[in-house]
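Since the structure comes first, as structure tokens, the remarks are kept for the end.
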Amino acid sequence: MLGGGQPLPETRQGFMERVRDLLGGRVFDAKFMAENCGRADLRGVGLRSVSANLGVPKPANLGAPSPGADLPWLAGTKSLVAYRIHTILRLHVLSQDAAAGFEGVIDGLQ
Numbered sequence: 001m002l003g004g005g006q007p008l009p010e011t012r013q014g015f016m017e018r019v020r021d022l023l024g025g026r027v028f029d030a031k032f033m034a035e036n037c038g039r040a041d042l043r044g045v046g047l048r049s050v051s052a053n054l055g056v057p058k059p060a061n062l063g064a065p066s067p068g069a070d071l072p073w074l075a076g077t078k079s080l081v082a083y084r085i086h087t088i089l090r091l092h093v094l095s096q097d098a099a100a101g102f103e104g105v106i107d108g109l110q
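Heads up: the sequence shown is residues 1 to 110, going by UniProt numbering.
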């Protein structure tokens with residue numbers, strides 16, 4: 001989709017280089033960071049639970065039939081929540097060195 005129809009790189013290293021090129025440099029998997037940060041309340045739960053346990057504000061569901069409706073999250077909403085999770089983990093949960101250790105690690109691509 002973003003690669004102009006080019007085939008995926010053959011190696012993990014090539015894939016990560018392509019990801020960095022497309023996303024502008026540093027890449028982090030916020031859900032993986034949460035799973036492995038040492039907090040039991042962030043392990044084995046979904047993105048919504050991770051965000052709730054970290055105190056991330058709930059995103060507004062545009063077009064929800066009622067204010068409390070729990071609609072499926074769209075890709076943009078998930079991206080915003082993942083960004084907020086990453087920020088809280090880096091600023092309040094992990095040390096700088098520990099956070100840096102997650103750079104380039106994407107769950108399932110190790």
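Glycine residues also receive a C-beta, built at the ideal position from the N, C-alpha and C atoms.
None of the values given here were measured: they were computed from a predicted structure.
Our contact map puts residue i next to residue j with C-beta atoms below 8 Å; I'd like the distance itself, whole angstroms only.
| i | j | result |
| --- | --- | --- |
| Ala52 | His86 | The pair is not a contact, with the Cβ atoms about 16 Å apart (cut-off 8 Å). |
| Pro59 | Val81 | 6 Å |
| Glu103 | Arg12 | Wrong, their Cβ atoms sit about 15 Å apart, outside the cutoff. |
| Pro9 | Arg18 | 6 Å |
Grab me the residues of residue i's own chain with a C-beta within less than 6 Å of its C-beta, minus the 5 sequence neighbours each way, in chain order.
| i | result |
| --- | --- |
| Tyr83 | none |
| Ile106 | Asp29 |
| Gly55 | none |
Please list, in chain order, all residues of the same chain as residue i whose beta carbon is under 7 Å from its beta carbon, the five residues on each side excluded.
| i | result |
| --- | --- |
| Leu42 | Ala34, Glu35, Val50 and Asn53 |
Please work out which residues of its chain come closer than 8 Å, Cβ to Cβ, to residue i, disregarding the five sequence neighbours upstream and downstream, and give them in chain order.
| i | result |
| --- | --- |
| Lys78 | Leu47 |
| Phe15 | Leu8, Pro9 and Leu109 |
Three or more C-beta pairs below 8 Å linking the stretch 35-51 and the stretch 84-101: Enough Cβ pairs lie closer than 8 Å, so yes.
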